[in-house]
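The structure appears right after this line, and notes come after that.
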Amino acid sequence: MKLKKVLTLLPLLATTALVASCGNNSSSSSSASKPSTSSTTPSTSSTTKPTSSSSSSSGDNGGLDLSSVVDENGVITVPTTVTLWSTTGKATQPALEKYIEEFKSAQPNVTVTNEYVSGSYSDLENKVVTGFSSNNYPDLVVAYPDHVADYLDYGKAVDLSAFILNDYVGLTEEDANDYVDSFMSEGTNYTQTGMYSVPWCKSTELMFYNETLIGVDLSAYDATINNGNALDADYLNSLTWEELFNKLCPALEKYNIANNNSLYDPETGGILGYDSDDNLFITLAEQYGYNYTSVNQVTGKGSVDFNNPEMKALMTTFHNAATKKYIFTKGTNNGNYVNTVFTEGKCVFSIGSTGGVKYQFSDTNPMNIGTARIPHAEGKDPKVILQGPSMAVLDHNNLAQKTAAWLLWKTLTSEDNALDWALESGYMPVRKSSYEDQEYIDACDYTACAPRTVDRLKAKAYSACAEVLTDTFTSPVFIGSSATRSAVGGLVTQCLIKDSWSLTGSELDSYIDGKFADAENTAKLAIK
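Numbering of the sequence shown is given in our numbering, commencing with residue -9 and proceeding in unit increments.
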């Protein structure tokens, strides 16, 4: 039976699919040379195009006729090999392999080649791009949106709109509504109209702290903190940057001195550590409503907007905070992760990815660790970055391969597997139903966990992720957005680094102006 479609899933999908069926049937180039002009919808036809592939046989197929490669139950009917590349770690490889076996059982005509690529996500991207010229690249790849933008520029990223809406292999109305809206909409946040990535490992950032902080009375140093009450979880969960730097940090500094540096080490640590310099800059721009980047909706070209007085003023504020040891970052910590400083008890707060929550815990110095929203702009709604890789289907000019890759992603993120993957990996569930599942609810119950354990921390993080889900945001993706992200990360490091602490007044202003100009020029060189 044909699946019921939800045409309201990302309204642009139906339009994009219609465009594809009305005349855009050209195949993507198999060369690594980037096309001089980019089509708004990559090809969905096979190398040998069936006569009916350019249009739908009915009005319900999203403009995509798959009758030559699948039956009406969505089973691939021709021998097909699909390749998946990822950087999946050893701890979660068994779970991924379990889902792949499930897919193979449901799709007996499909052979799955699963390759784990060592190194970073950037290393994975480089391997994919290098393979374009020799036709040595996967059908399904784990990738950050910035990397998908590059694949799109090469003409290799497949627009999945028509697959989503297709009768035989698409999403049911129930499934479409079950995926977290912001995770799915991220796949449309590219310079070309369409759906070029789908969610896989989604994470955000949380602020972690040793729960011995709860109950600390700072009223002797500032009676306005938490209305004169001792510190509690609600107060820490609603911190603004202004409250943090102007009130809490000065009071904690005085308390720390009076208590023999029991809270943090002012020499080798500080009060708050932020593990991602680039995320800090991008998040601040979003929280305060200042400009970071934008995309020209006509040309699709990215624009560098962060060199503005407002962001310079913020960086000056954070520079001044850094000189007092109120904040430090991975960049200012010689590239060493902040969580290491935190687990050694040398800082009070650690802001890091929920995808790496286990690294906020150490067996050699076990603590009851609390979680909170990251600080936000005073008078503004909380905002926290949505990160983590998605998956993209890459074009080999073979309809069966593209279809099999799409179906593999569907299996990997089925209702059962999405829940299992979240529990196994620690990433945020990509389906709404997972958050309501009793197994996930139980996993969020930290009271059922032994004290001072990583399981207790994970439980607290699971619960906190659900609470901040509606606070997440993404930034525009375009050719050069990855380089822009790196440029502003370096900018933060340079503005907060110890070598700059002696600068004040006009010298500091000139220094920050120069670093902003350098970052802007670096970013612009990468933008097309």
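Virtual Cβ for every residue (Gly too), placed ideally from N, Cα, C.
- When the alpha-carbon of K518 is set against those of T306, T289, S108, the nearest one is in T289.
- Contact between V383 and P135 is ruled out by a C-beta separation of about 14 angstroms, above the 8 angstroms threshold.
- In the structure shown, Q277 falls within a helical segment according to DSSP collapsed to helix, strand and coil.
- Between the alpha carbons of A394 and A81 lies a distance of about 26 angstroms.
- Separation of A362 and N227 (C-alpha to C-alpha, rounded to the nearest whole angstrom) is 5 angstroms.
- E105: member of the beta strand (DSSP E) spanning 100 to 106, first to last residue.
- Residue pairing from DSSP places F198 in a beta bridge opposite S340, T361.
- For F318, the enclosing beta strand (DSSP E) stretches over residues 317 to 319.
- In the DSSP assignment, S496 falls within the alpha helix (DSSP H) that extends over 495 to 516.
- Unbroken beta strand (DSSP E) runs of no fewer than 3 residues, entirely contained in the region 356 to 435, are found at 359 to 362, 380 to 383, following chain order.
- Within 10 angstroms of the beta-carbon of K392 lie 16 or more other beta-carbons, which makes it buried.
- For the pair T344 and T202, the CB atoms are not nearer than the 7 angstroms cut-off.
- By the Cβ neighbour-count rule, I154 is buried, with 16 or more other Cβ atoms within 10 Å of its own.
- For S284, the uninterrupted beta strand (DSSP E) segment begins and ends at 283 to 285.
- Spanning the alpha carbons of D171 and S284 requires a straight line of approximately 22 angstroms.
- Between the region 427 to 435 and the region 398 to 417 there are three or more C-beta pairs closer than 8 angstroms, enough to call the two in contact.
- G479: member of the alpha helix (DSSP H) spanning 471 to 486, first to last residue.
- The C-beta distance from A133 to S187 rounds to 7 angstroms, short enough to fall under 8 angstroms.
- In the structure shown, P189 adopts extended strand secondary structure according to DSSP, grouped into three states.
- Approximately 12 angstroms separates the beta-carbon atoms of K450 and G416; this is outside 8 angstroms, ruling out the contact.
- The closest CA to that of S95, considering only V65, N200, E115, is found on V65.
- Between the beta-carbon of F198 and that of S340 there is about 5 angstroms, and that keeps the pair under the 8 angstroms contact cut.
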